[in-house]
Amino acid sequence: MSLPASLISTSSQAVTRDKPSSGQPALRITAIGWVVSAAAGQLIFAAYIASFYGRSTLSGHPERWNEVMNRGFVAGDHTFNWVLGVHLLMALAIILGAPLQLFPAVRRHLPAFHRWNGRLYMVMASTLALGGLSLVWIRAGVAGDLTQHLGTSLNAALILWFVIEAWRSARRRAIEPHRRWALRLFLAVSGVWFFRIGLMLWLALNQSPVGFDPKTFTGPTLSALSFLQTLLPLGILQGYFYAQRTIHPPLRWVVVATLFLATLATLAGSAAATMILWWPNMTSTG
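Reminder that position 255 of the sequence shown reads as 255 in the UniProt record's numbering, one-by-one numbering, no gaps.
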């Protein structure tokens, strides 16, 4: 799963009574591994959005959206076609803007840019969350069942909550709480990406759609994934925060192992999503 680069900078601020050899260096290294694997995967996802959706739209064939999503483009439904189009454009912008917001060097050397980029990021995150809710609950025919829609709604609700808390802590100039809320926001906003790499990894491991019907896009696998896309990364992040402060090295090593496995899963899921979903659509000429 993904972890932004600013996580790494917080490790030096952790208050522990352990020697560095008790797991802090390994914690930092595995966090970096998660950062790098996630950044690579999300950049490929951004390239896919720009290439497939952008090329389809600019060539005058937005109906091609329906090749990769159920009722993506509906002839005559101008309002929600625009909602989805803006949703996709903002998704691209927010993926590209997150690293600029989270890297410590940007905060230190370009504080004004950090503030304004952060405000824009929170506005886009809120807009994405509200747009996603409208597409799920108002527009008819969206893929998935009630359980999946509830998982998506939980993701949107958490995004809105984290936006509020990140904004409040920034206004109070509470730097460390703000950083933590911003990291939670980043992971929640990445839920769509987590869902895709998780699903593609599942398909690659099983070599078949185990636990769901690909025609109706329903089943226990997708129901579970609709919640795990949000809750699992946030759980790993919370474990990371705890590992920075704990005085118990064995617990820190558990988090190190978790981050290592998360890095492997991210690399494998991103590779599977690229080969199965993103690259074929990026290079198609239909």
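Quick reminder that beta carbons are idealized off the backbone N, C-alpha and C, glycines included. Treat the numbers as computed from the prediction; the structure is a model and nothing was measured.
Check	Outcome
For GLN148, count neighbouring C-beta atoms within 10 Å of its own C-beta (all shown protein chains included) and say buried if the count is 16 or more, exposed if not.	buried
Could you tell me whether the Cβ of GLN207 comes closer than 8 Å to any Cβ of chain D?	No chain D appears in this structure, which consists of one protein chain only.
Between the region 112 to 131 and the region 82 to 99, do three or more beta carbon pairs fall short of 8 Å?	yes
Between which residues of its own chain and LEU199 is the CB-CB distance below 7 Å, once the five residues before and five after are set aside?	LEU225
Figure out for me which residue from SER169, ALA31, ASP145 has the closest Cα to the Cα of ARG119.	SER169
Taking 8 Å as the cut-off, does the region 192 to 208 touch the region 252 to 272 (at least 3 CB pairs, one atom from each stretch)?	yes
Which residue's Cα is closest to the Cα of TRP232: ALA174, PHE113, SER190?	Strictly speaking, residue 232 in this sequence is Leu, with Trp absent from that position. Answer by Cα proximity: SER190.
With a cut-off of 8 Å, do at least 3 Cβ pairs link the region 177 to 192 to the region 237 to 257?	yes
Please report how far the alpha carbon of TRP82 lies from the alpha carbon of ASP145, in whole angstroms.	24 Å
In three-state terms, what does DSSP make of THR246?	coil
Check THR79 in the structure and name its three-state DSSP category.	helix
In the DSSP assignment, find the unbroken alpha helix (DSSP H) run with ALA180 in it and report its ends.	Before going further, note that residue 180 is Arg rather than Ala in the sequence given. 175 to 189 is the span of the alpha helix (DSSP H), which, as asked, contains ARG180.
Is DSSP giving THR216 helix, strand or coil here?	coil
Closest to LEU27 by CA distance: which of GLN244, ALA262, TRP279 is it?	GLN244
Ordered along the chain, which non-local residues of its own chain (more than five positions away) have a Cβ less than 8 Å from that of SER223?	ASP145, THR147, GLN148, GLY151
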